[in-house]
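Following full-length UniProt numbering, the numbering of the sequence shown begins with 1 at its first residue and continues without gaps.
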Amino acid sequence: MTDSIGLNGNVGSSKAARSTEQNVHAEPMHVKQFSNSWVYSYRVKLVPGRPCEMHKHTEDTFYRALTDGPCKAKTAEGKEFDQDIKKGSQWWNLNKTEGPMVHQVTLAESFPHRSDFFALEFLKSPPIDGGEPLKHPAYTLDTKYSREGTARVYHLEIGPGESTGIHRWQFFAVVLSVSDGKLTTEGENSPFLDKALQRYGGDMWVEGPVEFSVTNIGDQPYQALVIELLKHD
1 MTDSIGLNGN VGSSKAARST EQNVHAEPMH VKQFSNSWVY SYRVKLVPGR PCEMHKHTED
61 TFYRALTDGP CKAKTAEGKE FDQDIKKGSQ WWNLNKTEGP MVHQVTLAES FPHRSDFFAL
121 EFLKSPPIDG GEPLKHPAYT LDTKYSREGT ARVYHLEIGP GESTGIHRWQ FFAVVLSVSD
181 GKLTTEGENS PFLDKALQRY GGDMWVEGPV EFSVTNIGDQ PYQALVIELL KHD
């Protein structure tokens, strides 16, 4: 399932779209986090009142809003869309499956700081996936935002004093921390050895299989998104 957030505008074959060559990767407010053969991750860091440059999206992309972000988007054809994006919103733009998108986005001038939207492009089929969905009480499969042949999206939640116990990810994944946390972990290749995952908005790439446990030693629940890449043709 795909949610449209009003930033869309598939370009079809318009002359304006064809003349717009800049890829999103080159647009300065779309800040690269990491990339490899399978994914390209960036953050949308819009500046209040300043339009980003017109740019093109060509890959199927999953988004999570880490801040609010009241925006106005303008397509290559000049159509405009308003959208009041809320912190915690998730959506897909299917710009490989359904066609490329060319647009320019402006964050409301009255907004007090830059936006922060996590974005993950899916480039290539991974060599492995988990087969069946991960079955573990700390993980909830988000069936609304998982896409067959692309990705499974899990919500990981660990309560204060709770531990996942030793378990295994038999897949490649991207992890996005959606809360701060105070964690300990076991496992030589545990993703949670990286302290970035103990702060809100921290993210990292994981090549499975990995086997590990995570314990929440803080006094608040810890939450993260785990995005499993799925094999496809």
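Even for Gly, the Cβ is constructed at its ideal location relative to N, Cα and C. The structure presented is a predicted model; accordingly, all values stated were derived computationally and were not measured.
For residue 29 and residue 168, the gap between their C-alpha atoms comes out near 36 Å.
Distance between residue 103 and residue 59, taken at the CA atoms: about 14 Å. Bridge pairing for residue 169: 210 [DSSP].
For residue 219, the closest alpha carbon among the candidates 105, 45, 182 is that of 182. Beta-bridge annotation (DSSP): residue 65 is paired with 117. Between residue 75 and the set 69, 120, 55, the nearest pair of CA atoms involves 55. Annotation for residue 27: 52, 53, 55 place their beta carbon closer than 8 Å to its own, counting only its chain and skipping 5 residues before and after.
Bridge partners of residue 158 according to DSSP: 222. Below 8 Å, enough C-beta pairs join the segment 145–162 and the segment 215–231 to call them touching: three or more.
As DSSP reads the structure, residue 139 sits in a beta bridge with 156. The beta carbon of residue 140 lies closer than 6 Å to those of 155 in the same chain, with the five residues before and after it left out.
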